[in-house]
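Undergrad:
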Amino acid sequence: MVADVNTSSAGRRAIPENPANNLAIAGIRLPVWNKILIAILLVVAVIAPFFLEDFDVFQMTYALVFAMAILGLNLLTGFNGQFSLGHSAFFGIGAYTTAMMMAHWEVAFYWTIIPAGIVCLVAGFLFGLPALRLEGLYLALATFALATAMPQILKYHAWEDLTGGVQGLDLDKPESPFPDTLSDDQYLYFIVLVVAIILFICAWNLVRGRTGRAMIAIRDNPIAAQTMGVNNAVYKSLTFGVSALYTGIAGSMSAIIIQFVAPDSFTFLLAVTFLVGLVVGGVASIPGAIFGGFFVLLIPNISEAVADMTGRTDAKGLSWAVYGLFLIITVYVMPSGAAGLVRLLVGKLARRG
Amino acid sequence: MTKLRKIAIATTTAATFFAGTAMAGNAPGVTDTEIMIGNTTAYSGPASVYGTIAKSISACWDWVNETGGINGRKIKWVSLDDAYSPPKTKEQIRKLVEREKVAFTFQTLGTPTNSAVHKYMNKKKVPHLFVATGATKWGQPKTFPWTMGWQPNYQTVGAIFGNYILQNYPNGKVAVMYQNDDYGKDYVIGMKRAMGDKYAMQVVKEETYEVTDPTIDSQIVSLKNSGADVFVNISIPKFAAQAIKKMYAIGWKPAHLLNDVAASISSTYKPAGIEKAKGIISVDFYKDPNDPEWKDDPDTNAWRAWMDKYYPGGDKANKMNAYGYAVCHTMMAVLKNAGDDLSRENIMKQAASLHEVAIPMLLPGMYADTSPTDFYPLEQMQMTRFDGTRSVRFGPLISAETE
Chain A
1 MVADVNTSSA
11 GRRAIPENPA
21 NNLAIAGIRL
31 PVWNKILIAI
41 LLVVAVIAPF
51 FLEDFDVFQM
61 TYALVFAMAI
71 LGLNLLTGFN
81 GQFSLGHSAF
91 FGIGAYTTAM
101 MMAHWEVAFY
111 WTIIPAGIVC
121 LVAGFLFGLP
131 ALRLEGLYLA
141 LATFALATAM
151 PQILKYHAWE
161 DLTGGVQGLD
171 LDKPESPFPD
181 TLSDDQYLYF
191 IVLVVAIILF
201 ICAWNLVRGR
211 TGRAMIAIRD
221 NPIAAQTMGV
231 NNAVYKSLTF
241 GVSALYTGIA
251 GSMSAIIIQF
261 VAPDSFTFLL
271 AVTFLVGLVV
281 GGVASIPGAI
291 FGGFFVLLIP
301 NISEAVADMT
311 GRTDAKGLSW
321 AVYGLFLIIT
331 VYVMPSGAAG
341 LVRLLVGKLA
351 RRG
Chain B
1 MTKLRKIAIA
11 TTTAATFFAG
21 TAMAGNAPGV
31 TDTEIMIGNT
41 TAYSGPASVY
51 GTIAKSISAC
61 WDWVNETGGI
71 NGRKIKWVSL
81 DDAYSPPKTK
91 EQIRKLVERE
101 KVAFTFQTLG
111 TPTNSAVHKY
121 MNKKKVPHLF
131 VATGATKWGQ
141 PKTFPWTMGW
151 QPNYQTVGAI
161 FGNYILQNYP
171 NGKVAVMYQN
181 DDYGKDYVIG
191 MKRAMGDKYA
201 MQVVKEETYE
211 VTDPTIDSQI
221 VSLKNSGADV
231 FVNISIPKFA
241 AQAIKKMYAI
251 GWKPAHLLND
261 VAASISSTYK
271 PAGIEKAKGI
281 ISVDFYKDPN
291 DPEWKDDPDT
301 NAWRAWMDKY
311 YPGGDKANKM
321 NAYGYAVCHT
331 MMAVLKNAGD
341 DLSRENIMKQ
351 AASLHEVAIP
361 MLLPGMYADT
371 SPTDFYPLEQ
381 MQMTRFDGTR
391 SVRFGPLISA
401 ETE
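Chains as they are written, first to last, in our numbering: chain A, 1 to 353; chain B, 1 to 403.
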């Protein structure tokens with residue numbers, strides 16, 4: 001997690017070894033710590049659903065879906081510097097692609113994931129092309145427009161028969177093929193876990209390779225990157241596409257696990273939620289997306305519980321105020337997100353080893 | 001009989017006995033002292049006026065619990081906000097069924113919201129009782145045996161409107177505005193059924209609106225420009241009030257037929273301006289507390305006394321609080337009849353076995369009646385006309401009894 005700078009073997013030229021690899025905490029070198037933590041995380045991820053109730057497994061799955069969506073946003077905003085307030089639109093496109101395929105053409109849910117991703121890849125790329133001309137605030141506005149327009153586009157009566165209009169589409173819950181060992185919710189969890197692991201590995205490799213370096217260079221200094229031979233236009237549009245692909249696959253999975261899509265699920269508020277997850281997890285941090293995903297799932301639930309503790313039936317709106325409070329506290333305590341906090345701790349604890 | 005046979009018979013009998021009791025096991029959320037009932041309602045958002053129904057039901061359970069409960073069990077009422085948003089309803093209902101483990105849900109509010117959980121509740125075999133919406137699709141015992149509505153269904157109301165137009169405005173031009181979802185469309189289906197070919201001939205303009213729209217002013221202007229002299233308005237209080245205001249502002253005075261759910265003095269006419277709502281025609285099936293006819297009515301006075309004691313914060317002029325009281329009594333009847341067998345199957349069975357049960361605050365002559373083939377508890381209503389102070393009932397009690 002500390003090894004940000006490239007240590008891959010892609011391009012065996014004189015790239016200096018990451019000096020951080022020589023540091024150690026409690027005698028164990030950092031790269032080894034990385035591997036240990038990943039292993040622990042995987043073990044927990046695999047055995048946890050067997051100790052939790054179905055609803056909590058569903059919540060964990062949902063958190064993973066958010067993590068994937070935030071990862072998509074991270075690729076674009078964190079690593080490539082293009083600010084997007086419109087990722088709820090790609091999430092929605094992915095979800096609706098899956099929902100329409102499942103509802104109208106009775107496609108099994110696993111065959112809908114890749115088409116949903118491809119549709120979003122194309123949509124993201126097509127949006128990224130004109131967005132090339134926009135920077136910073138103006139790009140934010142353009143993506144904001146996309147996010148605001150999406151629910152209305154989904155409700156439009158001309159294609160109401162396909163999208164289900166305002167009512168949305170109701171889907172059948174996929175059934176576990178091993179009903180004795182895996183409940184439906186556990187089955188879906190493992191499917192989402194596998195997809196998430198694949199996406200995270202791909203993202204990891206992407207940012208550590210030449211493409212990643214180009215993306216980061218464009219973020220840090222676009223003119224210098226152009227001078228070094230990076231084709232800004234191509235990379236920026238492609239990053240938009242890939243980012244939309246990730247968020248679209250996340251959207252597709254959300255439709256599968258909730259079995260319901262409606263236009264009002266994909267409002268601008270969702271895009272803000274992704275952004276919150278991005279910041280809380282740590283901008284330009286791939287593992288941070290996991291923390292971000294869990295944060296945006298759990299904190300609203302905790303806020304509602306806290307608001308209910310006041311015992312008043314008209315305090316339902318209070319949960320949003322509590323959510324805001326949690327957010328302020330989090331950003332105050334961890335300004336660089338969870339990943340930044342980890343970096344800080346490692347910095348304090350690590351010794352030459 | 002050989003010894004072996006005796007043992008065999010004894011064990012089989014014991015097994016059947018225990019199996020029998022195991023099958024009649026109570027629903028989750030039921031203990032010896034408590035029944036946990038789940039609910040989702042619009043406490044916030046565009047339909048938040050309806051939140052008072054769930055609040056009045058909560059007050060009703062307070063009264064029940066204070067007077068000893070039902071068959072010795074108290075009611076635990078778990079009511080969550082869904083802001084009239086179907087995805088939120090799905091989430092909250094899953095929480096209620098899978099995490100809180102309620103025995104069943106009662107009076108979940110809204111047509112689009114209940115539509116989102118319709119299949120889920122039936123798949124999970126959880127009673128989805130007396131939903132707070134009159135959509136016709138809640139009465140399908142064969143395909144959705146776990147869902148049941150309560151109030152007279154919307155298609156019947158639409159048909160009543162259709163018949164009224166045929167009788168009173170046989171050559172009139174009709175404008176229709178409806179909410180663009182299952183709720184609004186249901187009424188229109190009823191109207192079309194009653195009017196047949198004449199619907200296409202008489203309806204000169206149809207307009208729709210989304211629940212998320214901030215205003216329907218442009219729809220009203222467009223409908224006025226159609227030159228219609230009859231306006232059928234299928235909306236919820238927020239938009240009905242807007243419509244009344246706008247119609248007055250642009251000087252459009254057609255015969256105004258407003259659907260029952262939106263025709264509320266306190267939630268619609270007062271905010272719009274009581275004088276502007278004069279002449280609005282609607283239907284009703286329960287007593288409006290504002291009606292001077294019920295000033296000294298013992299039934300209504302009992303309700304008023306109950307409001308004073310258990311829901312003092314509630315508005316005694318808001319008939320939705322009478323609705324909540326009435327539907328709560330229907331639920332009480334079902335639970336009383338279920339006795340000690342509070343399995344989900346039996347609760348559903350009792351809900352489908354109400355024989356002409358008298359419910360307080362319903363219009364005189366009305367009762368709740370269900371059967372395994374009739375999942376519409378209330379099927380009678382009367383037309384009303386608002387005279388500036390109250391909705392005056394006219395005509396006979398119309399019955400739309402199905403099977």
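Virtual Cβ for every residue (Gly too), placed ideally from N, Cα, C.
Could you pull the start and end residues of the alpha helix (DSSP H) that A/Leu146 belongs to?
TA: That run of the alpha helix (DSSP H) goes Gly136 to Lys155.
Undergrad: For A/Gly78, I'd like the list of residues in its chain whose CB is within less than 6 Å of its CB, leaving aside the five on either flank, ordered along the chain.
TA: Closer than 6 Å at Cβ, skipping near neighbours: Val283 and Ala284.
Undergrad: Listed in chain order, which residues of the stretch 159-181 of chain A have Cβ atoms closer than 8 Å to some Cβ of chain D?
TA: Included in the structure are the protein chains A and B, with no chain D among them.
Undergrad: Helix, strand or coil: which one does DSSP assign to B/Val176?
TA: In the structure shown, B/Val176 sits in a strand (DSSP, three-state: E or B).
Undergrad: With a CB to CB cut of under 8 Å and the five nearest residues on each side skipped, what residues in its chain are close to B/Thr21?
TA: Residue confidence is low: B/Thr21 scores 41 on pLDDT, short of 50, so the model does not pin down where it sits. No coordinate-derived value is stated.
Undergrad: What does A/Lys155 touch in chain B if you count any residue whose Cβ is under 9 Å from its own?
TA: Per Cβ cutoff of 9 Å: Asn180, Glu210 and Thr212.
Undergrad: Please confirm whether B/Leu362 and B/Ala333 have their CB atoms less than 8 Å apart.
TA: No, Cβ-Cβ distance for B/Leu362 and B/Ala333 is not below 8 Å.
Undergrad: I'd like the ranges of any alpha helix (DSSP H) spanning at least 4 consecutive residues and lying wholly in the stretch 62-107 of chain B.
TA: Fully enclosed alpha helix (DSSP H) runs of 4 or longer: 86-94.
Undergrad: Note down, in chain order, each residue of its chain lying with its Cβ closer than 7 Å to the Cβ of A/Ala203, except the 5 sequence neighbours on either side.
TA: Leu71, Leu75 and Ile286.
Undergrad: Since A/Ser265 meets chain B, which of its residues come closer than 7 Å, beta carbon to beta carbon?
TA: Pro87, listed in chain order.
Undergrad: Taking DSSP's pairing of strands, which residues face B/Arg385 in a bridge?
TA: Answer is B/Ile281 and B/Val392, bridged to B/Arg385.
Undergrad: For the candidate residues A/Asn301, A/Met68, A/Lys236 and A/Ile40, whose alpha-carbon lies nearest to that of A/Leu395?
TA: Coverage of chain A is limited to positions 1 through 353, which leaves residue 395 of chain A absent and any answer about it impossible.
Undergrad: Compute the Euclidean distance between the alpha carbons of B/Lys276 and B/Lys245, then round it to the nearest angstrom.
TA: Cα to Cα, the separation comes out at about 7 Å.
Undergrad: Pick from B/Ile93, B/Leu257 and B/Lys173: whose alpha carbon is nearest that of B/Gln202?
TA: Comparing Cα-Cα distances from B/Gln202 to each of B/Ile93, B/Leu257 and B/Lys173, the minimum goes to B/Lys173.
Undergrad: Alpha carbon to alpha carbon, how far is B/Asn321 from B/Ala42?
TA: Between B/Asn321 and B/Ala42, the C-alpha separation is close to 15 Å.
Undergrad: When burial is assigned at 16 or more other CB atoms within 10 Å of the CB, is B/Gly68 buried or exposed?
TA: With fewer than 16 other Cβ atoms within 10 Å, it is exposed.
Undergrad: Nearest-angstrom Cα distance between B/Thr113 and B/Ile189?
TA: Rounded to whole angstroms, B/Thr113 to B/Ile189 spans 20 Å at the Cα level.
Undergrad: Give the C-beta separation of B/Val357 and B/Phe130 to the nearest angstrom, bearing in mind that I take them to be a contact with Cβ-Cβ under 8 Å.
TA: About 13 Å; that fails the 8 Å criterion.
Undergrad: Quick one: Cα of B/Gln179 to Cα of B/Val97, how far?
TA: Computed Cα separation, rounded: 30 Å.
Undergrad: Taking only the alpha-carbon atoms, compute the straight-line gap between B/Gly184 and B/Leu258 and give it to the nearest angstrom.
TA: Each residue's alpha carbon lies about 12 Å from the other.
Undergrad: Suppose the cutoff is 7 Å on Cβ atoms and the five residues either side in sequence are ignored; what does the same chain contact list for A/Ala338 look like?
TA: Val280, Gly281, Gly282, Gly288 and Phe291.
Undergrad: Between A/Leu37 and A/Ala63, what straight-line distance do the alpha-carbon atoms span, to the nearest angstrom?
TA: Distance between the alpha carbons of A/Leu37 and A/Ala63: 19 Å.
Undergrad: How about A/Ala262: is its C-beta nearer than 8 Å to some C-beta of chain B?
TA: Yes, because at least one Cβ of chain B sits closer than 8 Å to the Cβ of A/Ala262.
Undergrad: Return the residue from the list B/Asp229, B/Gln242 and B/Asn233 that minimises the CA-CA distance to B/Glu207.
TA: Considering only alpha carbons, the answer is B/Asn233.
Undergrad: With a CB to CB cut of under 8 Å and the five nearest residues on each side skipped, what residues in its chain are close to B/Gly139?
TA: So the qualifying residues of the chain are Met148, Gly149, Asn153, Asp374, Phe375, Tyr376 and Thr402.
Undergrad: May I have the straight-line CA-CA distance separating B/Asp229 from B/Val392, to the nearest angstrom?
TA: C-alpha separation (whole angstroms): 22 Å.
Undergrad: Output needed in chain order: residues of the stretch 106-130 of chain B with a Cβ under 8 Å from some Cβ in chain A.
TA: Those would be Pro112, Ser115, Ala116, His118, Lys119, Tyr120 and Lys123, in chain order.
Undergrad: Can you give me the start and stop residues for the alpha helix (DSSP H) that B/Asn337 sits inside?
TA: Unbroken alpha helix (DSSP H) run through B/Asn337: Met320 to Ala338.
Undergrad: Give the range of the beta strand (DSSP E) segment to which B/Ile220 is assigned.
TA: Note, B/Ile220: premise wrong, no beta strand (DSSP E); alpha helix (DSSP H) at Asp217 to Lys224.
Undergrad: Output, in chain order, the set of chain A residues within a Cβ distance shorter than 7 Å of B/Arg99.
TA: Within chain A, the residues near B/Arg99 are Phe55.
Undergrad: I'd like to know if A/Ser328 contacts chain B, where contact means its C-beta is closer than 8 Å to some C-beta of that chain.
TA: Looking at the sequence itself, residue 328 of chain A is Ile, so the reference to Ser does not match. No, A/Ile328 lies away from the interface with chain B (no Cβ there is under 8 Å from its Cβ).
Undergrad: Quick one: is A/Asn231 buried, meaning 16 or more other Cβ sit within 10 Å of its Cβ, or exposed?
TA: Classification for A/Asn231: exposed.
Undergrad: Considering only their Cβ atoms, is the gap separating B/Gly314 from B/Thr40 smaller than 8 Å?
TA: Cβ distance not < 8 Å, so B/Thr40 and B/Gly314 don't count as in contact.
Undergrad: If we cut at 8 Å on Cβ distances, does A/Ile258 have a partner in chain B?
TA: At least one chain B Cβ lies under 8 Å of A/Ile258.
Undergrad: Hey, A/Tyr332 and A/Pro300 are a contact pair by Cβ (cut 8 Å); roughly how many whole angstroms apart?
TA: Not quite, the Cβ-Cβ distance comes to about 19 Å (not below 8 Å), so this is no contact.
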